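There are 4 protein chains.
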Amino acid sequence: MIIVMKPNAPEKTIENVISIVEEKGLQTHLSRGEQVTIIGVIGDKTRLEGSNIDLLDGVEKVTHITESYKLANKKFHAQPSIVTVGNARIGSDELVFMAGPCSIESEEQVFTVARALKASGAQILRGGAFKPRTSPYAFQGLEEQGLKLMAEAGKETGMAIVSEVTSLAAVEAAYQHVDMFQIGARNMQNFYLLKEVGKTDKPVLLKRGLAATIDEWLNAAEYIMSEGNHQVVLCERGIRTFETATRNTLDISAVPVVKSKSHLPIIVDPSHATGIKDLVPSMSRASIAAGADGLMIEVHPTPATALSDGAQSLTPQEFDRLCRELLPFANLMGRHF
Amino acid sequence: MIIVMKPNAPEKTIENVISIVEEKGLQTHLSRGEQVTIIGVIGDKTRLEGSNIDLLDGVEKVTHITESYKLANKKFHAQPSIVTVGNARIGSDELVFMAGPCSIESEEQVFTVARALKASGAQILRGGAFKPRTSPYAFQGLEEQGLKLMAEAGKETGMAIVSEVTSLAAVEAAYQHVDMFQIGARNMQNFYLLKEVGKTDKPVLLKRGLAATIDEWLNAAEYIMSEGNHQVVLCERGIRTFETATRNTLDISAVPVVKSKSHLPIIVDPSHATGIKDLVPSMSRASIAAGADGLMIEVHPTPATALSDGAQSLTPQEFDRLCRELLPFANLMGRHF
Amino acid sequence: MIIVMKPNAPEKTIENVISIVEEKGLQTHLSRGEQVTIIGVIGDKTRLEGSNIDLLDGVEKVTHITESYKLANKKFHAQPSIVTVGNARIGSDELVFMAGPCSIESEEQVFTVARALKASGAQILRGGAFKPRTSPYAFQGLEEQGLKLMAEAGKETGMAIVSEVTSLAAVEAAYQHVDMFQIGARNMQNFYLLKEVGKTDKPVLLKRGLAATIDEWLNAAEYIMSEGNHQVVLCERGIRTFETATRNTLDISAVPVVKSKSHLPIIVDPSHATGIKDLVPSMSRASIAAGADGLMIEVHPTPATALSDGAQSLTPQEFDRLCRELLPFANLMGRHF
Amino acid sequence: MIIVMKPNAPEKTIENVISIVEEKGLQTHLSRGEQVTIIGVIGDKTRLEGSNIDLLDGVEKVTHITESYKLANKKFHAQPSIVTVGNARIGSDELVFMAGPCSIESEEQVFTVARALKASGAQILRGGAFKPRTSPYAFQGLEEQGLKLMAEAGKETGMAIVSEVTSLAAVEAAYQHVDMFQIGARNMQNFYLLKEVGKTDKPVLLKRGLAATIDEWLNAAEYIMSEGNHQVVLCERGIRTFETATRNTLDISAVPVVKSKSHLPIIVDPSHATGIKDLVPSMSRASIAAGADGLMIEVHPTPATALSDGAQSLTPQEFDRLCRELLPFANLMGRHF
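Protein chains in written order, with full-length UniProt numbering: chain Y, 1 to 337; chain X, 1 to 337; chain P, 1 to 337; chain D, 1 to 337.
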């Protein structure tokens, strides 16, 4: 931590800052410039909570040098983590596909799509049962009934199941049915919910918030991990910008940035990021080429009658074609599926 | 709703769209342009859920003309709503101040600040007990103990109490202590939580999400209202942009925009929006001049030792001075406090 | 400037950085933390150009402590500057109105509006002659003919003239007709153009770029000032965000932020910021209350037939009513007009 | 164009709108809904300039259905365009590399890098001579002397030359030295400059503005094309968002979006987009996989002493390695180099 003093801060304000920091058991290093004096602070900064250094007389600003996340930080865990979900090993040299409909709508829908996805090579079945929708009048999901249908489809096909949870009640209802909890973009800083899934023993797929920096995202992962559950997979799904040609702006550079800062695996969801099915193949190829550990893709047997997000859903046939198109790109990256 | 067909869409694709829409009991109006044909759809669009018109052959895009929120919409409720919290009437010609510390830290802190705020004219005491913090290692709040302290301070001073709830458990714990629930920016699209406070009989302060459009914000209000609780007050608290000189960018134009679209009251939180105490007076004046129904301002007896957000907190003395400075601006706007 | 070394950077990389910095005649201060070592650099940093410290072995990042703008910086020029345009003194206790049509369209239009504006109290006539338009097929302005009409209207009414210049040719054409050059948002980082107006002896109104940080904006002012022309007035006109309810998001907090960092005057353009005439009065009041030195407002005799931006233009009657409504707010801020 | 009337707009306001539109020689189609009435407008909308329909009594809003750019629009030119620069054919099945230093600094620098790039397979030499820099105190480029050095290096190696122009004077100076003009991000809406390069017979590389939508970008291309020069290549170089981990956010989805809307070729500049050399390889792979027609990459013989943007520059050796790594990805996309 670096404390920058105002130009011409009186000597006694500098001494005061130093004495407050040192009283907390931290060390300081003073550096006097021509215009400004800076004070480096060495030691455990959590001891400074409640000493609002930035408000002390003479202080211009405080700059943090080290990240606030520890368990998610690559600096303290250099080896990439692998998270196992069913038979899939996310973060290994396997490219993992999580595919399925935005919303679970019926038994026929979920079984039809699950069988097709399995045949195409997808390892994990995704589907929404508790749906966060912008308008309260839009379809809200089949809730626990949807999870049961998914679990049955997973059992028959041998696929693992991932589904979004939006509350403690949903976590409890989902626990027996799913193999992985999904935290959606809108709940990325629902810290209460992060702690709840952090207390469980199931892997968590943590989507990036619409307006979350990568630093905030890794801090959200830290919330889950600090409760004891280290099985976190990140999912880039587009951020909100001024551009309206796509639903969100897919930040593919988040893939290598996350890999430079964290040991956690990261996948990409091109369906939600773009909102346009015609962009899913190109953004899937780009994500793989950027180093993503997997993809989450919406597939619906009949997109034209989907109860949510049909515009971004592939048919099972289109998904199958996409998988075959993606395989050589995955192979170039040293991955298989 | 308007359906725009692709240039040169074959006649049979146009007929197909019309027949699908009309089968659902809606009417259509066809308009053939030189380049494109458009189809106007008349009637209750919720009947079209599950008919993904935008995916039909020949369709280029679908444009919605009417808003998806109804109860929050000024078109169906022209009179401004007044929400009563304790003795305060938000949305009336009274300018309402919600003031207090970011976090409740101790009995002494909350009583000291409450007495001072009351004397300065604030009607509602704010304070955080369940704190959403970016890092899990930051102070997380006193939880129910904090609420009890606030309730006692409110009782002594005659001030109403508002505090943030972050989960169903927090709603249940807070119910007996607070006069108004606050939904924080990070939970604005925690639809599960919105429904829970919507089932209660207490007013709700709904902060705007960091990256929420005004349309999404009013849809979040609709979630609360559609459960039966119409006592919603909106709070503009800054949006996330590229600018880093302030913590967020305070969108003061949201005040008149909301008033043109909704009958709900709206207040402004200049403390969280800017993150800088020196900007609170100017942004408070601007908010009042823009037509805000109230202000939420952070006040701490000793900002330099606050456990959260000290940099944006006024002292009680500074708050008192601010109130006196704001009064003539409020009067010019036809308001008093 | 602070150089942050990577965790466990070898001793020789630290020594190498220090020796490179010191060879350039700068001083260093070393501060060794538990995780990281930081090197403070003292002296004139322009000497380090061409020594890309951030690329040296062992360096994690370089943080700048002091601003790169000098002439625009309040630290070296504590007194607020006053810029004189005609009879108007921008930055004084006078509130300055620049008003007029988006585009100059005809002699009748400009004289009609100029006479009305003068009567309402506006000091400066604005009008576009060289128009930057998103589409090449939209009206591009009357160019020099428009400037002549403005100059005549200014002469008759005693108002000063401000108009946008978009090229060196436009600067040369406008020089004899206008009292103040305007640099538009799209040209805020057209550094060539900034230098050209910096070589003249006329005041410059520098609009903020659509996506410009306040720091970049003050650096753009520095371009003009470093050529010798210190008569710069800044104009906040909204920044681009995700919100679509307004054309741009008016960043009113930029007013006090600029005043904390620079001695230059700052005005606000609520017409372009919002794009909606109904929002102009509330945003004008808010701007004055935030401390703006003036306002730029679009006024057109018949907005419904304006060749550009009619939707945000007031009629002369509406402008007159607005001025009367704004006067008491200006007076509260210690200003008159 | 669709005109949406306010709910309960009086009949005479509807008739008034229709009569104004039809007087201009356009046709209308009326569609009466339960809540709102909409009026479709058919014909050449440029006839409506100066009739601000959105300001007429009873009108709620006007929605445009067709794009304002014509020459750049794929609807009227279905075949992809190929732009020839020297021996390179951009938009063909050749993957084109534009590589070189951010700034031309010396004869030795430019010849060293040009020879190496040529050997690695780059077809076009890039280099800055007129440099737009945020601070006026940063290195501003060698100007015409730099262009001469580049031209000589191009002649010796057989590479074509591209360099940024920032004013009419620079266009004139550069004309004899370069094979392609570059318009930088900061000048994307410098419409005067766009017209000037549009009057020449040399290809233009048009970078996307920091905050430009794809629609605005294609309108900027239209400015160039409407002057007669159809040889435009677009370059995605990152947009400004709230994320600070990268300099800008590379919007790779812009590649397929542009290809769906326009026939113009598009390349990607991962160096400027990210500002971090370690991200250049992954973002280059992703760009190719997304369908880009080429890449612009910064290469400097000694990045640690570069006068600008060293942090994002590869060495010639790193560039050579990158080219070899990229070739199989290009081949998978049906491209060669």
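From the three backbone atoms N, C-alpha and C, an ideal C-beta is built for every residue, glycine too.
Please read these numbers as outputs of a predicted model, since none were measured by experiment.
- By DSSP's assignment, His29 of chain D forms a beta bridge with D:Gly40.
- Contact annotation: Ile297 of chain Y and Ala129 of chain Y have beta-carbon atoms that are not nearer than 9 Å.
- Between Gly127 of chain X and Val110 of chain X, the gap from beta carbon to beta carbon is short of 9 Å.
- The beta carbons of Ala290 of chain Y and Pro256 of chain Y sit closer together than 9 Å.
- If only complete runs of 3 or more residues are kept, the segment 39-97 of chain X shows the beta strand (DSSP E) at 59-63, 83-85 and 88-90, in order along the chain.
- Between the alpha carbons of Val21 of chain X and Ser51 of chain X lies a gap of roughly 8 Å.
- Leu125 of chain X and Val268 of chain X have their alpha carbons spaced roughly 15 Å apart.
- Taking all protein chains in view, the Cβ of Arg247 of chain P is crowded by 16 or more other Cβ atoms within 10 Å, so the residue is classified as buried.
- Chain X has no Cβ within less than 9 Å of the Cβ of Arg335 of chain P.
- For Tyr223 of chain P, at least one C-beta of chain D is nearer than 9 Å to its own C-beta.
- Just measuring C-alpha positions, the residue of Y:Ala160, Y:Glu164, Y:Leu168 and Y:Thr157 sitting nearest Leu142 of chain Y is Y:Glu164.
- Taking a 10 Å sphere around the C-beta of Gly310 of chain P, we find 16 or more other C-beta atoms and assign the residue as buried.
- Leu95 of chain D is positioned such that its CB atom lies closer than 9 Å to that of Ala330 of chain D.
- Among the residues facing chain P, His29 of chain Y is included, as its CB has a counterpart in that chain under 9 Å away.
- Around the Cβ of Gly91 of chain D, a 10 Å sphere holds 16 or more other Cβ atoms; the residue is buried.
- His263 of chain X and Gly198 of chain X have their alpha carbons spaced roughly 18 Å apart.
- According to DSSP, residue pairing for Glu298 of chain D in a beta bridge involves D:Gly100.
- Spanning the alpha carbons of Gln182 of chain Y and Thr200 of chain X requires a straight line of approximately 28 Å.
- Residue-level contact check: Glu236 of chain Y does not touch chain P, since none of the beta carbons of chain P fall below 9 Å from its beta carbon.
- Below the 7 Å Cβ cutoff, chain X contributes Ser282 as neighbours of Gly291 of chain P, in chain order.
- When CB distances to chain D are screened at a threshold of 7 Å, not a single residue of the segment 7-39 of chain P falls below it.
- Residue contact check for Lys261 of chain X against chain P: a CB pair falls below 9 Å.
- For Met225 of chain D, the uninterrupted alpha helix (DSSP H) segment begins and ends at Ile214 to Met225.
- Tyr137 of chain Y sits close to Ser226 of chain X, with the two beta carbons spaced by under 9 Å.
- For Glu236 of chain P, the enclosing beta strand (DSSP E) has its first and last residue at Val232 to Glu236.
- Two segments are said to touch when three or more pairs of C-beta atoms, one from each, lie closer than 8 Å; by this definition the segment 16-30 of chain X does not touch the segment 317-335 of chain P.
- Ser308 of chain P and Glu15 of chain D have their alpha carbons spaced roughly 24 Å apart.
- Within chain Y, the residues whose beta carbon sits less than 7 Å from that of Arg240 of chain P are Phe242, listed in sequence order.
- Phe130 of chain Y: not part of any beta strand (DSSP E); DSSP gives it neither H nor E.
- Relative to the Cα of Met159 of chain X, the nearest Cα in the group X:Lys12, X:Val178, X:Gly33 and X:Lys24 belongs to X:Val178.
- When DSSP reads this structure, Glu164 of chain Y sits in a beta bridge with Y:Gln182.
- When secondary structure is reduced to three states using DSSP, Leu250 of chain D falls in the coil class, being assigned neither helix nor strand.
- Annotation: the continuous beta strand (DSSP E) that includes Ile2 of chain D extends over Ile2 to Met5.
- For Leu279 of chain P, the secondary structure class from DSSP, reduced to helix, strand or coil, is helix.
- Taking the Cα of Lys70 of chain X as reference, the smallest distance to any Cα among X:Pro301, X:Asp44 and X:Phe97 is reached at X:Asp44.
- With a cutoff of 9 Å on beta-carbon distance, Met188 of chain P and Leu206 of chain P are scored as near each other.
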